[in-house]
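Those protein sequences? They're chains A and B, same order as listed. To get the working numbering, take the position in the first sequence, counting from 1, and add 22. To get the working numbering, take the position in the second sequence, counting from 1, and add 46. Glycine included, C-beta positions come from ideal geometry on N, C-alpha and C. Values in this document were obtained by computation on a predicted structure and should not be read as measured data. What follows is a short report on a single structure.
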Amino acid sequence: MWQLFLMSRYTVSPHRLLRAVLPLVALVALSACADKPPASNPEALRAYEERNDPLEPWNRSMHQIDQGLNTVIFNPTIAVYQAIIPEPGRKGVTNVFRNFRAPITFVNDILQGEGSRASTTLGRFVINSTVGLLGLFDVAARMGLPYHYEDFGQTFAVWGMGEGPYLYVPILGPSGGRDLTGYAIDNMGIDAMAWIGRADNPFWWQIAYFGALATDTKSNAKPLLDELKASSVDHYAALRSVYRQNRAKEIRNGAPAPVPDFEDYEYEDGDGDPFSGLEINPTEAQTAARTD
Amino acid sequence: MRALALTLLLVISGTQANAADEPWRTDPRAFINHFAEAGIEGILTAEIDDTEKTAQFRTLFNDGFDIPAISRFVIGRTWRRTSDADKEAFIALFEDVIVYTWSRRFSEYKGQTIEVRGTTPDGNTGTLVDSVIVDKAGQTISAQWRLRMRDDGLRIVDVIIEGVSMAITYRQDYASVIRQQGGMSGLLDLLGKQVVESAPS
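What follows is the structure in C-alpha cells.
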C-alpha cells in the first residue's frame, strides 16, 4: 500500500512505469527462453514454431503468479462483488464500461476502414450515453445496433502485422507482442481515462478505474476460465490455444474460420501423413475470411 | 458360409432400414436438430437425477460423435507411434473427460435453444453446420458443428463455440503434455487422475 502512496505523491505515470520496468522484463525474459529444437528434428521444430512461444518458461512463471493473484486478490474480490451486486446490476456495470470505452472501438473501427461499424459504434455511444443513462442500459442493442469490440491489436492484425511472440501478463492474462502494444496504445492514447489522468493526475482514480474494470472483466470471464481449468490437463497450453483462437475470431469480426481440409479425421493408421498441410495455428489465416 | 452371407445380408438390410427409419442420420441440418432436441428434452429438462443424466449424455455422445477420429486428431502425430493398448486407454479416458466436462454444465441450463442457420461443405465427406445458441433474452452464442459422413450416418468430429474449436484446444493442450512428459504414458497418467477427480460422486 505504501508503495502506491509514494507513487501517487511522485506522480508516476504509466508511461514512466513502463519505461522503468520494460528493460528489466526484457532482461529476465531473455534468460528464460525456451530451447529451440535443432533443424535436424523438423517435427519438433515445426511444433515449436506453431506454439510461437519462445518465452514459454518465463510465461509459465507469469501464469503461475497470475493464478496466485487470482486466488489471493481477484477471486475473493469477485465473490464479494457478486454477493453485493446481483446479476442485472453487474450487467449494468459491464454496459457502463463498454460505453465508456466505446471510443477505443470507434477509433479502431475507423483505422480498419470499417465505416459502417464505426457509425454503429457512434450511434450506440450517443443513444446509450443519453437514453441509456450513461451507458447503464444497452438501449441501442434493442434498436438494432448490436455491440461489437475492436482494439489496436486487431487493427495491427488487419494492417498485416503478425501476432509476435506469445506473452502472459499477470492481471491482464494471455497476450502477445502485437496485442500488448495495441493494449498500451488503446489505454494510454485513446481511452478517456488516459486523458483525464493527464489533465489532473488523479492517480487513485486510475487505480480505481482499472481495478473496477479488471473486476468486471474477470467476473464475466470466470465461469468459462474455471471450466477450461477443470477440463484441461495443461491449463497454460489450453489457455494459450483458446486465446489465439478467440483473437483470430475477433480479428475476422466474427466471420467463420477458414476451414482447413481436416483430412486427419478420415485418417486410419498407415495412410501417409494426415497432418501435412494442416495449420492448427488459426492466426495464419486470420484475416483471410474477414467480412468487410 | 451360408451363415456368414445371411448375417451380412441382415446387417446390410438392417443398416438400410435404420437409415430409412431415421432420415436425420444423413441430413446435416436434421442431424443437429435431432441431437439438440435429444439433449434438451432427453437430458437437460428431463425429470431424471444427475447420474441418469450423465449416463444418457454418454449414450448420446457415443451415438453422435466419432470419438476414435477425434482422438486421432487431438493426439496428432504421436498417434501412429502409440501402442494399440494406449490408444484404447486414451479413447476411454477422453470419452470420460468430455462426458464429465459437459455434465458439470447441466445445472446451468436456462432454456437456451439451438437454431441452425446454414451448412457449408467441409472436407471430402463433411459438412460444417452453422448454428446459434439463443438464450431467453435473445442473446446468441455462435456454435458450429463439423460433421463427417460414416457408413452408418453422420458423426460430429468437432464443436466450435465462438470461434474456439474443442478439438484444436484439446490437441494443443495434450501436445504440450506429450512434449513435456516425453510421450503418451505421461498424458494417460494425468488424464487418469483428472477423470478420478472430476467423476461425479
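Chain B contact for residue i (CB, 8 Å cutoff)
{"i": "D291 of chain A", "result": "Model confidence at D291 of chain A stands at a pLDDT of 44, short of 50, so the residue's coordinates are unreliable; what they give is reported in the following sentence. Yes, D291 of chain A counts as interfacial toward chain B."}
{"i": "A230 of chain A", "result": "no"}
{"i": "A162 of chain A", "result": "no"}
{"i": "E109 of chain A", "result": "no"}
{"i": "E65 of chain A", "result": "yes"}
C-alpha gap between residue i and residue j, whole angstroms
{"i": "I214 of chain B", "j": "D213 of chain A", "result": "35 Å"}
{"i": "R225 of chain B", "j": "Q240 of chain B", "result": "19 Å"}
{"i": "S244 of chain B", "j": "Q89 of chain A", "result": "20 Å"}
{"i": "D109 of chain B", "j": "D256 of chain A", "result": "29 Å"}
{"i": "R139 of chain A", "j": "E68 of chain B", "result": "44 Å"}
{"i": "T237 of chain A", "j": "G137 of chain A", "result": "32 Å"}
{"i": "D293 of chain A", "j": "M195 of chain B", "result": "Its pLDDT being 43, under 50, D293 of chain A is placed unreliably in this model, and the coordinates cannot settle the point."}
{"i": "T239 of chain A", "j": "D173 of chain A", "result": "15 Å"}
{"i": "E185 of chain A", "j": "W227 of chain A", "result": "32 Å"}
{"i": "P79 of chain A", "j": "K251 of chain A", "result": "19 Å"}
{"i": "G157 of chain B", "j": "F225 of chain A", "result": "45 Å"}
{"i": "P64 of chain A", "j": "A221 of chain B", "result": "16 Å"}
{"i": "A270 of chain A", "j": "G198 of chain A", "result": "13 Å"}
{"i": "D235 of chain B", "j": "Q227 of chain B", "result": "10 Å"}
{"i": "S253 of chain A", "j": "T147 of chain B", "result": "6 Å"}
{"i": "I160 of chain B", "j": "A82 of chain B", "result": "7 Å"}
{"i": "E93 of chain B", "j": "N117 of chain A", "result": "37 Å"}
{"i": "S129 of chain B", "j": "D219 of chain B", "result": "21 Å"}
{"i": "S149 of chain B", "j": "I86 of chain B", "result": "13 Å"}
{"i": "V102 of chain A", "j": "T93 of chain A", "result": "13 Å"}
{"i": "F12 of chain A", "j": "P125 of chain A", "result": "In the structure displayed, chain A extends from 23 to 314; residue 12 of chain A sits before or after that span and is not available."}
{"i": "L246 of chain A", "j": "P114 of chain B", "result": "26 Å"}
{"i": "H85 of chain A", "j": "R127 of chain B", "result": "32 Å"}
Per-residue contacts from residue i into chain B (C-beta, under 7 Å)
{"i": "D271 of chain A", "result": "Reading off the sequence shown, one finds Lys at residue 271 of chain A, where the question assumed Asp. Within 7 Å Cβ-Cβ: E208 and G209."}
Contacts that residue i makes with chain A (C-beta to C-beta distance below 7 Å)
{"i": "D36 of chain B", "result": "Lying outside 47 to 247, the shown extent of chain B, residue 36 of chain B is not represented and no answer is given."}
{"i": "S222 of chain B", "result": "D256 and A259"}
{"i": "R104 of chain B", "result": "Simply none; closest approach about 16 Å."}
{"i": "S177 of chain B", "result": "Those do not exist, as S177 of chain B stays about 11 Å from chain A at its closest Cβ, beyond 7 Å."}
Minimum Cβ-Cβ distance from residue i to chain A less than 8 Å
{"i": "S231 of chain B", "result": "no"}
{"i": "S117 of chain B", "result": "no"}
{"i": "L139 of chain B", "result": "no"}
{"i": "T147 of chain B", "result": "yes"}
{"i": "S129 of chain B", "result": "no"}
{"i": "S153 of chain B", "result": "no"}
{"i": "R123 of chain B", "result": "yes"}
Contact list for residue i against chain B, beta-carbon separation under 8 Å
{"i": "Q267 of chain A", "result": "G209, V210, S211, I214 and T215"}
{"i": "A69 of chain A", "result": "A221 and R225"}
Sequence-distant residues of the same chain with beta carbon closer than 6 Å to residue i, five excluded per side
{"i": "L237 of chain B", "result": "L139"}
{"i": "L202 of chain A", "result": "L189"}
{"i": "Y216 of chain B", "result": "V120"}
{"i": "D291 of chain A", "result": "Note that D291 of chain A scores a pLDDT of 44, beneath 50, so its modelled location is shaky and nothing firm can be said."}
{"i": "A162 of chain A", "result": "R146, I149 and N150"}
{"i": "T186 of chain B", "result": "V178 and V180"}
Chain A residues whose Cβ lies nearer than 8 Å to that of residue i
{"i": "L236 of chain B", "result": "V255"}
{"i": "R150 of chain B", "result": "E249 and A252"}
{"i": "Q240 of chain B", "result": "V255"}
Beta-carbon contacts of residue i that lie in its chain and below 7 Å, excluding the five residues immediately before and after
{"i": "L235 of chain A", "result": "F119"}
{"i": "D117 of chain B", "result": "Sequence check: residue 117 of chain B is Ser here, not Asp. So the list reads F136, I137 and F140, once near-sequence residues are dropped."}
{"i": "F103 of chain B", "result": "I89, V145, W148 and S149"}
{"i": "C55 of chain A", "result": "P76 and L77"}
Sequence-distant residues of its chain with Cβ nearer than 8 Å to residue i (five each side left out)
{"i": "L174 of chain B", "result": "T165, T166, P167, D168, Q190, W191, R192 and L193"}
{"i": "S231 of chain B", "result": "D132"}
{"i": "A84 of chain B", "result": "L106"}
{"i": "I100 of chain A", "result": "T237, K240, S241 and K244"}
{"i": "S151 of chain A", "result": "N121 and G157"}
Cβ of residue i within 8 Å of any chain E Cβ
{"i": "V143 of chain B", "result": "In the structure shown, chain E does not exist; the protein chains are A and B."}
Can you give me, in chain order, the residues of the region 120-151 of chain A that have a beta carbon less than 8 Å from any beta carbon in chain B?
Hits within the stretch: zero.
Please identify, using Cβ separations under 8 Å, the residues of the region 175-194 of chain A that lie next to chain B, in order along the chain.
The residues in question: there are none.
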